[in-house]
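I have placed the structure first, in the form of structure tokens, so that the comments after it can refer back to it.
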Amino acid sequence: MKGIVYEVTGTDVLGLAPVFHEKYKRGYAYETTTHFVHYYAYDYGWNSLQINLCVTEPKNGTLEDWVKKHFEATNIHTVDYEVGETIEGVWRPGLYYYEHIYQALNTCESERRLNEQALRVLLEKLDDIFLYIEPDATSFKTYSHKLRELLILACTEVESSWVYFLDKAGVSPVNRSSFTTKDYIRLKDVLFLEEYECTFKGHTSIPAIQPFKGWDDTSPTKSLSWYDAYNKTKHNRVLNFSEANMYNVIQAVIASIIMYIVRYSPFPMQEESGTFNSLINQHFKFRLVDSDVKKHYIPLIEIPAPFRPDIISYSPFKNGHVKPYVVKPFIL
0 MKGIVYEVTG TDVLGLAPVF HEKYKRGYAY ETTTHFVHYY AYDYGWNSLQ INLCVTEPKN
60 GTLEDWVKKH FEATNIHTVD YEVGETIEGV WRPGLYYYEH IYQALNTCES ERRLNEQALR
120 VLLEKLDDIF LYIEPDATSF KTYSHKLREL LILACTEVES SWVYFLDKAG VSPVNRSSFT
180 TKDYIRLKDV LFLEEYECTF KGHTSIPAIQ PFKGWDDTSP TKSLSWYDAY NKTKHNRVLN
240 FSEANMYNVI QAVIASIIMY IVRYSPFPMQ EESGTFNSLI NQHFKFRLVD SDVKKHYIPL
300 IEIPAPFRPD IISYSPFKNG HVKPYVVKPF IL
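Following numbering that gives the first Met the number 0, the numbering of the sequence shown begins with 0 at its first residue and continues without gaps.
This is how it looks when you write it as structure tokens:
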């Protein structure tokens, strides 16, 4: 069973204000054997589906007619994933609560904490550099031994994440020896890496950074400029020392944070308190840009019988109606 996604341009639900959709401008819906189900969602930031803002009504007519009637749905598309289905290890909008994230992505808190510790090392080093070099467009070409050290550390952390997914998919290196960017590029689309964007808080002169934007399989190393810089300065510091500059380091650290978000969602990073979290939230703000809404997750609920015979809004999460996710293997 696949759901639909659409723009919400009106609200006709008992108990909800007529302007309710002005905050939640996206909707997801599907039908069970007995009911139509609608979720509200944001159309910006993390595109979060609101699992506590669910509208249900006993079925009568078609699902598309129902969402047009009650939500003035426009731009309706079928979602690619089955309702209640996720891909192992790949976070997408639709997952918010920890218990769902851990089950739906087949991970756990201890694994997440270990990865946070590795990232914390990078973030503390970058934060220390910021005490001496102000991050600004005019300082982006600054290079040094400390920046080179951090560039190498950050890029190897990104590589570690890439290898994790390639191993999970059970693929072998193209050259039959070791993984290279010819292998890593295969992850760009399935992990939705180009969707992630980061901006600097308090530094409006720095443009938004999308470290995976423009990554191209015809030139998988050179099209990823910060990673190309890492290769050059790692193998020949004398000729390529200037590649270990501030801008490449910042992009590499941001890329490593993105790989963390892919595996564990952005919410622990943003909402918990601790050194790891404060270092990120002090400097960075992340979001999804032009996210593929047809590849977001939709929670499946089990509506008990008997249930209300009219249209209502309620929280399936608080009522324990959300079913466990069906976790599909990560494949390439």
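Heads up, the beta-carbon is just placed ideally off N, CA and C, and yes, glycines get one too.
For clarity, every value in this text was computed on a predicted model and none was experimentally measured.
Pro-57 sits in a strand when the DSSP states are folded into three classes. Under the DSSP definition of a beta bridge, Gln-49 partners with Tyr-39. If you draw a straight line from the Cα of Cys-107 to the Cα of Tyr-97, it comes to about 9 Å.
Under the DSSP definition of a beta bridge, Asn-244 partners with Tyr-142. The shortest CA-to-CA distance from Tyr-259 to any of Asn-244, Trp-214, Leu-192 is the one to Leu-192. For Phe-285, the pairing in a beta bridge is given by DSSP as Cys-197. In this structure, DSSP gives Thr-180 a helical state, which the three-state scheme calls helix. Residue pairing by DSSP places His-34 opposite Pro-57 in a beta bridge. Bridge pairing for Tyr-313: Cys-53 [DSSP]. DSSP, reduced to helix, strand and coil, places Asp-188 within a helical segment of the structure shown. Looking at the backbone, the Cα of Phe-283 and that of Phe-211 are separated by about 17 Å.
Given a length threshold of 3 residues, each whole run of the beta strand (DSSP E) inside the stretch 70-134 is given here in chain order: 73-81, 84-86. Per DSSP, the beta-bridge partners of Val-321 are Ile-300.
One thing to note: Tyr-95 has its Cβ within 8 Å of the Cβ of Ser-47. The way I'd put it, the stretch 37-57 does touch the stretch 301-318; three or more beta-carbon pairs between them come closer than 8 Å.
Close CB contacts of Glu-123 within its chain, under the 7 Å cut and outside five residues either way in sequence, are with Leu-278 (chain order). Apart from sequence neighbours up to five positions away, the residues of its chain that approach Gly-213 with a beta-carbon distance below 7 Å are Ser-222, ordered along the chain.
Scanning its chain for C-beta atoms nearer than 7 Å, with the 5 sequence neighbours on each side dropped, one finds around Lys-322 the residues Gly-83, Leu-299, Ile-300, Glu-301, in chain order. By the C-beta density criterion, Gln-250 is buried, having at least 16 other C-beta atoms within 10 angstroms. Taking 8 Å as the upper bound for CB-CB distance, Phe-70 and Val-4 are not in contact here, some 12 Å apart.
For Arg-147, the closest of Glu-63, Ala-228, Tyr-324, Glu-271 by C-alpha to C-alpha distance is Ala-228.
The beta carbon of Lys-181 is closer than 6 Å to those of Val-173, Pro-219 in its chain, skipping five residues each way along the sequence. The three-state reading of DSSP puts Arg-175 in coil, since its state is none of H, G, I, E or B.
Residue range 236-239 is occupied by the alpha helix (DSSP H) that includes Val-237.
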